[in-house]
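So the number in the numbering used here is just where the residue sits in the sequence shown, counting from 1, plus 989.
Backbone N, C-alpha and C define an ideal beta-carbon position, used for all residues, glycine too.
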Amino acid sequence: MLISQTAEYALRAIVSLAERHGQSVVTQDLARRTRIPAGYLSKILQTLRRAGLVHSQRGLRGGFVLQRAPDKISVLEVIDAIEPIRRMTRCPLDLPEHASGLCPLHRRLDEAIGQVRNTFASFSIADLLDESRRGVSRGLCDTVAAPAR
C-alpha cells in the first residue's frame, strides 16, 4: 500500500469532519461513521490536533472540528501529519560510491516519490467532497459518505 492504514484512517476522519464543517463531532460518532476503532481514532485525532489540522473542544458541545476550511487542507498535509512520504536524499545502502548523489535506480525512485507527493499536494479535502457531490465517483467511500444516523 502506498500510504499506511493509519494515514488512510486520518484521511477518512478529515473528510468526515469536512462534510460537517463547522460542527463539532464527538469521537464515538466519527468512529461509527468512518468505521475506525474509537481508541485508535482518538490517537489519530490527537496527532491531527498537534499538526494543526483539527481543533478539540471539551464539554457539552465538545468534539472535533477542522482547524481550517476543507479547501485549505491538502491531502498531503493529512498524510504528512501521520506518516510523511519521504524523499530519498542519499543512497539507502550507504554505498561510498553513491556519496555524491543517488544512483540511477534511487534517483528514479525518488522522482516517483516526488510525483506522488506533488499529486497529493495538488488537491484538497474540498476537492474530494466536490467530486463526490458532482457524482464523479459513487461517494468518497461507503464508510465516510454514509449519512449520519
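Simplified DSSP state of residue i, which is helix, strand or coil
{"i": "Glu1014", "result": "Here the sequence assigns Val to residue 1014, which means Glu is not the residue at that position. The answer is strand: DSSP assigns Val1014 an E or B state."}
{"i": "Arg1204", "result": "Given that the chain is displayed from residue 990 to residue 1138, the structure contains no residue 1204 and the question cannot be resolved."}
{"i": "Arg1009", "result": "coil"}
{"i": "Leu991", "result": "coil"}
{"i": "Ile1139", "result": "Residue 1139 falls outside the range modelled here, since the chain spans only 990 to 1138, and no answer is possible."}
{"i": "Arg1123", "result": "coil"}
Beta-carbon spacing of residue i, residue j below 8 Å
{"i": "Pro1115", "j": "Pro1059", "result": "In the sequence under discussion, the amino acid at residue 1115 is Ala, which differs from the Pro named in the question. Yes."}
{"i": "Thr995", "j": "Ile1071", "result": "yes"}
{"i": "Arg1106", "j": "Ile1074", "result": "yes"}
{"i": "Phe1053", "j": "Leu1034", "result": "yes"}
{"i": "His1095", "j": "Leu1055", "result": "no"}
Distance, residue j Cα to residue i Cα
{"i": "Phe1112", "j": "Glu1008", "result": "16 Å"}
{"i": "Val1014", "j": "Leu1037", "result": "14 Å"}
{"i": "Ala999", "j": "Met1077", "result": "24 Å"}
{"i": "Asp1069", "j": "Ala1110", "result": "10 Å"}
{"i": "Pro1093", "j": "Asp1099", "result": "10 Å"}
{"i": "Arg1022", "j": "Thr1108", "result": "27 Å"}
{"i": "Asp1018", "j": "Gln1104", "result": "35 Å"}
{"i": "Thr1097", "j": "Cys1080", "result": "In the sequence as displayed, the identity of residue 1097 is Arg instead of Thr. Spanning the two alpha carbons is a distance of roughly 12 Å."}
{"i": "Ala1020", "j": "Gln1012", "result": "16 Å"}
{"i": "Leu1091", "j": "Leu1117", "result": "35 Å"}
{"i": "Leu1049", "j": "Ser1121", "result": "32 Å"}
{"i": "Arg1057", "j": "Leu1030", "result": "20 Å"}
Near the ligand NAD: residue i beta-carbon under 7 Å from a heavy atom
{"i": "Thr1078", "result": "What this structure holds is no ligand at all, so the ligand NAD is not there to describe."}
> Which parts of the region 1040-1113 are runs of the alpha helix (DSSP H), unbroken and 4 residues or longer, counting only runs that do not cross its ends?
Replying inline: Entirely contained in the region 1040-1113, the alpha helix (DSSP H) runs reaching 4 residues are, in chain order, 1064-1071, 1093-1110.
>> Quick test of the definition: if touching needs 3 or more C-beta pairs under 8 Å, does the region 1001-1009 touch the region 1032-1044?
In response: Output reads yes: the region 1032-1044 touches the region 1001-1009.
> Is the region 1087-1099 in contact with the region 1017-1027, if contact means three or more CB pairs nearer than 8 Å?
Replying inline: These segments do not touch.
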